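Working notes, beginning with the structure itself.
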Amino acid sequence: MKEVHIVVGVAAIVVNALAGIYGGWRWWRVEPRTVWFWRLLRAGQALVVIEAALGGVLELTDRKAPGLHLLYGLLPVLVSFLGEQLRLASAQMVLDARGYESAEAVGELPEAEQRSVVVSILRREVGVMALAALVVVGLLARAAGTA
């Protein structure tokens, strides 16, 4: 079981690193078509949850890990959750920054301006989640170092 925990941990680090780097690149290039980023990100998040669950099973079966390992192992779940909350709020932040009260107000704009707002929202979402993925990588690497 410990070997599976290690393999899933390494996979979580690699997939989240790929998602963070690819998402950062797409954010920097202002490219809103990011289907592969979202697939990588969701796979990385799933691996983090599986990794935490495996760690929980190991902890319950009397394989006690150091306290720092537990902390660094659980923080990625929290970071992913907080990243999702910021992602959900990003649309409203962009609308507020541009002085629009709602998405309906954007619908009344010319098509080019609508696209500009949508690209800004998507870019912010990708940026937030890419950064969250990179933070997760750091935390998982630290967890591996404290095992």
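Going from the sequence shown to our numbering is simple: count from 1 and add 52. C-beta atoms are modelled at their ideal positions from N, C-alpha and C, and glycine is treated no differently. Fair warning: this is a prediction, and the values are worked out from it, not measured in the lab.
Answer yes or no: do residue i and residue j have a C-beta to C-beta separation smaller than 8 Å?
| i | j | result |
| --- | --- | --- |
| Asn68 | Gly108 | no |
| Gly75 | Thr86 | yes |
| Val200 | Val188 | Because residue 200 is not part of the residues shown, which for the chain are 53 to 199, the question remains open. |
| Met181 | Leu93 | yes |
| Val60 | Leu112 | no |
| Leu192 | Ile65 | yes |
| Met53 | Leu110 | yes |
| Gly135 | Ala195 | no |
| Val146 | Ile102 | no |
| Trp79 | Gly190 | no |
| Arg150 | Val170 | no |
Would you kindly report the start and end of the unbroken alpha helix (DSSP H) that includes residue i?
| i | result |
| --- | --- |
| Pro128 | 119-150 |
| Met53 | Per DSSP, Met53 belongs to no alpha helix (DSSP H) and is neither H nor E. |
| Glu103 | 87-112 |
| Ala199 | Note, Ala199: premise wrong, no alpha helix (DSSP H); not H, not E. |
| Val82 | First-last for Val82: undefined, no H or E at that position. |
If we count the other Cβ atoms within 10 Å of its Cβ and call it buried at 16 or more, is residue i buried or exposed?
| i | result |
| --- | --- |
| Phe89 | buried |
| Pro162 | exposed |
| Ala98 | exposed |
| Arg167 | exposed |
| Glu165 | exposed |
| Ser142 | buried |
| Arg175 | buried |
For my contact list, residue i and residue j are in at a C-beta cut-off of 8 Å; report their separation, rounded to the angstrom.
| i | j | result |
| --- | --- | --- |
| Ala199 | His121 | 5 Å |
| Glu83 | Arg139 | Not confirmed; about 17 Å, so no contact. |
Problem set entry | At least three beta-carbon pairs within less than 8 Å, the region 127-135 to the region 145-162 | No, the region 127-135 is not in contact with the region 145-162.
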